[in-house]
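Notes to accompany the following structure.
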Amino acid sequence: MDYIDSYKHKGLRKKLVEEIKAKGISDKNVLDAIEKIPRHLFLDSSFLEYAYQDKPFPIGDGQTISQPYTVAFQTQLLQVAKGQKVLEIGTGSGYQACVLLEIGAKVFTIERIKNLYDKTRAFLPSIGYNPKMFFCDGYKGLPTYAPFDKVIVTAGAQFIPQDLVTQLKIGGILVIPVGDSAVQIMTTITKVSETEVVKKEWGTFRFVPLLGNKAH
Ligand code: SAM
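Heads up: the sequence shown begins at 83 in the working numbering, then just goes up one per residue.
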C-alpha cells in the first residue's frame, strides 16, 4: 500500500515523543519506535487530527488503540532486547506489536475478536510490519510457541492467568494491568525460578477488559 507520511506527521510525532518523555518515559528504544511508526495510519482517516494526541482512540468493535504513553510505559517495563520472543495478548490495531517489532523483538500477538484480527492481519503487512498473528483466546497464551522472554497483556485482566506465567522463560517478565472493569493496576511478574515470581505494581491505568471464554 502506498501511504502518506508527511513532514507534518513526522513533526507531530516528534512533539508526541517530547510529551511522553516529559511524562517520564526514558527508554530510548521505545521513544525511537514511537517517533518512527506512522500512528495516523492506525486510525480511520477521518480522525487524522487525533492520531498524535496522547489519548486512546476507538478502533471499532468496542475496542481501543491504547494511549501512546500507556504503550510506552508498558513497553519500557517489558525491557525488550533485540531478538527476544515477545507474546502480546490483545492485538487490537497492531500498534503495540509494531513498537515491539521496531525494538527488534520477534512478536507473537493474539486477538480474540475476529473482525479486528482480520482487519489488522491485512493492514500490518501493507505498511511493512509482520508479527505472527493468532486468532484465539489470549488467556491461554500460545503453548506451541512457548517459552517467551516477555509477555505483555494490553487489556484489563481480572486475575493473572497462570498459563502466561508458565509460558515465560526463567528471568522473563509479564506486564499486565490487573483489576476490575473500571480501573487496573499495572503489574509486572518476573519469573525468578520455576516456582518463584517477583510481583511489582506500577500505578493505575484504564483498559478495556480482557474477554473471557465467550466466542465473538
Ligand atoms: N494492543 C492494542 C493496540 O496496540 O492497538 C490495543 C489493545 S485494546 C486496548 C485490547 C485488545 O484486547 C482488544 O483488541 C480486544 O479485542 C483484545 N482482547 C480482549 N480479550 C482478549 C483475549 N482473551 N484474548 C486476546 N485478545 C483479547
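Just so you know, even glycine gets a beta-carbon here, dropped at the ideal spot from N, CA and C.
The segment 158-200 contains, as complete beta strand (DSSP E) runs of 3+ residues, the segments 167-171 and 188-193 (chain order).
In the three-state DSSP reduction, D245 falls in the helix class (H, G or I). Judged by DSSP in its simplified three-state form, V290 adopts coil rather than helix or strand. Relative to the ligand SAM, the beta carbon of L224 is positioned no closer than 7 Å to any heavy atom. A direct Cα-to-Cα measurement between L183 and G238 gives close to 23 Å. By a beta-carbon distance limit of 8 Å, Q249 contacts P229. Their separation comes to about 6 Å.
If the five residues before and after K232 are omitted, its C-beta is found closer than 7 Å to the C-beta atoms of L160, V162, Q166, V168, G254 and I255, all from its own chain and listed in chain order. Here S175 is not near I119, since their CB atoms are 8 Å or more apart. Counting along the chain, V233 sits inside the beta strand (DSSP E) bounded by residues F230 to V235.
Residue range Y89 to A104 is occupied by the alpha helix (DSSP H) that includes G93. In this structure, the straight-line span from the alpha carbon of L292 to that of K222 is close to 12 Å. If you look at K214, you'll find it in the beta strand (DSSP E) that goes K214 to F217. The DSSP-derived three-state label of P259 is strand. Between V235 and G172, the C-beta gap is smaller than 8 Å, which places the two residues in contact. The Cβ neighbour count for F190, taken over all protein chains shown within 10 Å, is at least 16; the residue is labelled buried.
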